[in-house]
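Colleague: Once you've had a glance at the structure underneath, I'll fire off some questions.
Structure follows, in structure tokens:
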């Protein structure tokens with residue numbers, strides 16, 4: 028059974044569905060890792076799968092299955108519009124797409140409009156709902172999303188705290204080597220860590 032670790036979640040078996048079976052039968056399980064790592068739009072994979080002689084039905088199942096993995100990885104705050112936002116944004120983006128951003132309503136409107144131009148699907152009402160949700164929870168006036176530094180993956184730390192990849196990896200390595208962090212001072216003692224960035228994000232940290 029193939030395991031996954033998406034959006035910082037614990038590893039576990041891929042969910043069983045027709046798309047999972049099609050993925051296994053086509054020998055394409057590697058797609059989950061590679062495509063997830065570069066955050067590509069799963070819909071663009073369809074022509075490639077068809078070029079490898081996969082039937083349209085099997086290719087569609089694989090694309091929908093993998094897109095749903097992206098939607099499942101969204102760790103967004105509860106509130107009106109969450110499910111709609113997961114539906115219209117989650118197929119191509121993981122939580123880090125929004126967790127590290129703060130935009131005005133106009134800014135999120137521009138982001139969603141860009142998504143539409145790049146192929147995002149949904150009704151006008153769904154897109155308006157997504158903009159409302161994002162503007163409510165991810166504006167400069169909304170409470171900061173917190174991250175537990177003793178549980179978060181390196182990618183979660185990198186994107187949520189806007190840290191360079193090497194620094195985020197160093198935090199995870201230090202945690203695995205010496206155990207859980209007790210305070211922000213423990214983080215700032217890690218060799219190579221930018222203490223100013225840690226201080227700037229102190230209100231977002233949980234231990």
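In the working numbering, the protein residues as written are 28 to 234. Positions of the beta carbon are idealized from the N, C-alpha and C atoms, including for glycine.
1. Grouping DSSP H, G and I as helix and E and B as strand, with all else coil, what is residue 175?
2. May I ask you to verify whether the segment 159-173 touches the segment 106-117, counting CB pairs closer than 8 Å and requiring at least 3?
3. Taking the alpha helix (DSSP H) that residue 187 belongs to, which residues open and close that run?
4. Where does residue 60 sit, in a helix, a strand or coil, going by DSSP?
5. Roughly how many whole angstroms lie between the Cα atoms of residue 211 and residue 205?
6. Could you say which of 157, 222, 203, 194 lies nearest to residue 178 if we only look at CA atoms?
7. Is there contact between the segment 176-195 and the segment 146-159, where contact requires at least three CB pairs shorter than 8 Å?
8. If you compare alpha carbons, which of 175, 189, 143 is closest to residue 223?
9. As a quick exercise: from 139, 112, 166, 226, pick the residue whose alpha carbon is nearest that of residue 130.
10. At which residues does the alpha helix (DSSP H) containing residue 225 begin and terminate?
11. At the level of alpha carbons, what is the spacing between residue 142 and residue 186?
12. Does any C-beta atom of chain C lie closer than 9 Å to the C-beta of residue 219?
Modeller: This is what the structure holds:
1. Reduced to three states, the DSSP call for residue 175 is strand.
2. Here the segment 159-173 lies against the segment 106-117, with 3 or more beta-carbon pairs under 8 Å apart.
3. Counting along the chain, the alpha helix (DSSP H) containing residue 187 begins and ends at 181-187.
4. Confidence in residue 60 is poor, its pLDDT being 44 and thus under 50, which makes the residue's placement unreliable; the coordinate value appears in the next sentence. In the three-state scheme derived from DSSP, where H, G and I count as helix and E and B as strand, residue 60 is classed as helix.
5. If you take the alpha carbons of residue 211 and residue 205, they lie about 15 Å apart.
6. 203 is the residue among 157, 222, 203, 194 whose C-alpha sits nearest the C-alpha of residue 178.
7. Taking 8 Å as the limit for Cβ pairs, the verdict is that the segment 146-159 does not touch the segment 176-195.
8. Considering only alpha carbons, the answer is 189.
9. Answer by Cα proximity: 166.
10. 222-227 is the span of the alpha helix (DSSP H), which, as asked, contains residue 225.
11. Whole-angstrom Cα-Cα distance: 20 Å.
12. Note that chain C does not occur in the displayed structure, where there is just one protein chain.
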